[in-house]
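Using full-length UniProt numbering, the first residue of the sequence shown is number 1, and each one after it goes up by one. All C-beta atoms in this analysis are idealised placements derived from N, C-alpha and C, irrespective of residue type, glycine included. Treat the numbers as computed from the prediction; the structure is a model and nothing was measured. First the structure, in the form of structure tokens, and then the observations on it.
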Amino acid sequence: MARALVQSTNYPSLVACERHSQFKGSGNKKRIVKMMCSSQVTSLGMRSLSGLRGSNAVDTMVRSGHVFHSRVATVTSVRRRKASRMVPKAMFERFTEKAIKVIMLAQEEARRLGHNFVGTEQILLGLIGEGTGIAAKVLKSMGINLKDARVEVEKIIGRGSGFVAVEIPFTPRAKRVLELSLEEARQLGHNYIGSEHLLLGLLREGEGVAARVLENLGADPGNIRTQVIRMVGENTEVVGTTVGGGSSGNKMPTLEEYGTNLTKLAEEGKLDPVVGRQPQIERVTQILVRRTKNNPCLIGEPGVGKTAIAEGLAQRIANGDVPETIEGKKVITLDMGLLVAGTKYRGEFEERLKKLTEEIKQSDEIILFIDEVHTLIGAGAAEGAIDAANILKPALARGELQCIGATTLDEYRKHIEKDPALERRFQPVKVPEPTVDETIQILNGLRERYELHHKLRYTDEALIAAAELSFQYISSARAGCFCKSVIASCLIKPLI
1 MARALVQSTN YPSLVACERH SQFKGSGNKK RIVKMMCSSQ VTSLGMRSLS GLRGSNAVDT
61 MVRSGHVFHS RVATVTSVRR RKASRMVPKA MFERFTEKAI KVIMLAQEEA RRLGHNFVGT
121 EQILLGLIGE GTGIAAKVLK SMGINLKDAR VEVEKIIGRG SGFVAVEIPF TPRAKRVLEL
181 SLEEARQLGH NYIGSEHLLL GLLREGEGVA ARVLENLGAD PGNIRTQVIR MVGENTEVVG
241 TTVGGGSSGN KMPTLEEYGT NLTKLAEEGK LDPVVGRQPQ IERVTQILVR RTKNNPCLIG
301 EPGVGKTAIA EGLAQRIANG DVPETIEGKK VITLDMGLLV AGTKYRGEFE ERLKKLTEEI
361 KQSDEIILFI DEVHTLIGAG AAEGAIDAAN ILKPALARGE LQCIGATTLD EYRKHIEKDP
421 ALERRFQPVK VPEPTVDETI QILNGLRERY ELHHKLRYTD EALIAAAELS FQYISSARAG
481 CFCKSVIASC LIKPLI
């Protein structure tokens, strides 16, 4: 299979081994942070970000009117430069995917204007251009758009010479914005730095070109700050590092322990883009907004992308692209294996599940996603105890719990269809295998993530060949899923 793929695409063209000079979007965060903080990635100007671009010459010290060269000062300067380069690394490790994207876009804006620096104005343009974060949403609500902001920036600072150096340093004010964003995150009790913290840092700095741009566009910095704080508060109402994402008062400990907040991950840009499943996502949305019988069940073969549909819904909710009925809700995926684990005594499992349902009732903003939903039947039913399905049935029937299930057709027929009471609670949504054309679209949508992870580029011919040959040689419903493994596997040889 792999040999056929290589031969059909003329292997060197399968993966064009071109190193990225510019990065777009988000990807493997650890790899991005490592590259951003590496001294070899000069395009990010990390030495400039650290704030100490000291001269290579020996420091000159002036004391009591005497000028002399100090070797001690030279050593101190070098140590300070080394220490300062460690500060950005610790900072960038806390950056969310959206915040990293803002910095990347800021650099692109500097190149577009022909400037050899990244200032507060470029950071502002990056915040607007990112488009999906809290900062972008607040600025948009204030009537600030990228086109107008670019015009104002160009009016104030003009265009550069056109020649842009490989290394684009940050201006002192831009560095100050990054430092202030870290302080803002700490004050809010957050262990991460998002686009919202960058905007708060930008407003707090208040004296750069960005402040003048906002003033010229008629925006009130105080009002912007208020809106950011309000939106941050709304996004952290579901509390906990797993479910709510970094707040201290734990209102839903059971859901936090056994669930993962997909909506929060979507807001932070940590989910892969969902391509080609719009009809299924629309159907799931239609079922969820019903008053009754509002629990969709995704039915499809393994690997066709059932979980991706739940992630796509979470991304739509994060972007506000859903009906008002489910706007602001949180899609929480429940780990059934973790929920059952360790319940060796009778009644322990029922107690856990009842606590979980009570927390969901009190919140009234949770959409539960249960992969392999057929495992509810019999789960925790040891020594005559009630299983999970029978515990959840009353809550589902009364509409106190909204749930998205996912299972295969065989398991649905074997378990759920044989339980009429449970079958009535779920509305089936069939998830077919993607076609070759749809698979190519999916690969194109994921191309950016794979390129950023492997630091290589995929040609269009390679993606088309991966899709076509996967369907030609793999006679299962997982051909569309398997072709992603094919394009990743073909990178092993050039990387080694």
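Comparing C-alpha distances from ILE474 to each of TYR450, ILE442, GLU433, ALA462 shows the shortest one belongs to GLU433.
Under the DSSP assignment, GLY445 falls in the alpha helix (DSSP H) whose first and last residues are 436 to 454. Take GLU438, set aside five residues on each side of it, and the residues of its chain with a beta-carbon closer than 6 Å to its own are GLY276, in chain order.
Taking each of LEU392, HIS453, GLU351, LEU443 in turn and checking the Cα distance to ALA467, the smallest one comes out for LEU443. Annotated three-state conformation of ILE309 is helix, per DSSP. A residue is called buried once 16 or more other Cβ atoms fall within 10 Å of its Cβ, and LYS414, having fewer, is exposed. Segment contact: the region 421 to 432 against the region 264 to 274, fewer than three CB-CB distances shorter than 8 Å; contact not assigned.
Comparing alpha carbon positions, the residue from GLY119, ALA388, PRO169, GLU215 closest to GLY143 is GLU215. Here the alpha carbons of LEU217 and ARG159 stand approximately 20 Å from one another. Residue pairing by DSSP places GLY259 opposite LEU334 in a beta bridge. When rounded, the separation of the alpha-carbon atoms in LYS329 and ILE317 is 7 Å.
When secondary structure is reduced to three states using DSSP, LYS418 falls in the coil class, being assigned neither helix nor strand. Between GLY114 and ALA174, the CB-CB gap reaches or exceeds 8 Å.
By the neighbour-count criterion, in which a residue is buried when 16 or more other Cβ atoms sit within 10 angstroms of its Cβ, LYS418 is exposed. Cβ contact annotation for ILE360 (same chain, cutoff 6 Å, sequence separation greater than five): ILE366, LEU401, in chain order. Each of ASP272, TYR192, LYS101, ILE326 was checked against the Cα of ILE309, and the nearest Cα belongs to ASP272.
GLY303 and GLU372 have their C-alpha atoms some 12 Å from each other. Closest in alpha carbon position to GLY201, among ARG291, ARG212, GLU184, GLU207, is GLU184.
Within the model, the alpha-carbon separation for LEU334 versus ASN319 is close to 22 Å. Taking the C-beta atoms as reference points, MET231 is found no nearer than 8 Å to LYS140. The closest CA to that of GLU348, considering only GLY222, ILE416, GLY206, ILE391, is found on ILE391.
If you look at ILE281, you'll find it in the alpha helix (DSSP H) that goes 278 to 288. VAL151 carries a helical assignment under DSSP once its states are collapsed to helix, strand and coil.
Within the model, the alpha-carbon separation for ILE404 versus ILE377 is close to 16 Å. Exposure of VAL289 is indicated by the presence of fewer than 16 other C-beta atoms within 10 angstroms of its C-beta.
With respect to the C-alpha of ILE100, the residue from LEU146, LEU178, THR171, PRO169 having the closest C-alpha is LEU178. In this structure, GLU196 sits away from ALA149, with a CB-CB distance that is not shorter than 8 Å.
If you draw a straight line from the Cα of ASN116 to the Cα of ALA106, it comes to about 12 Å.
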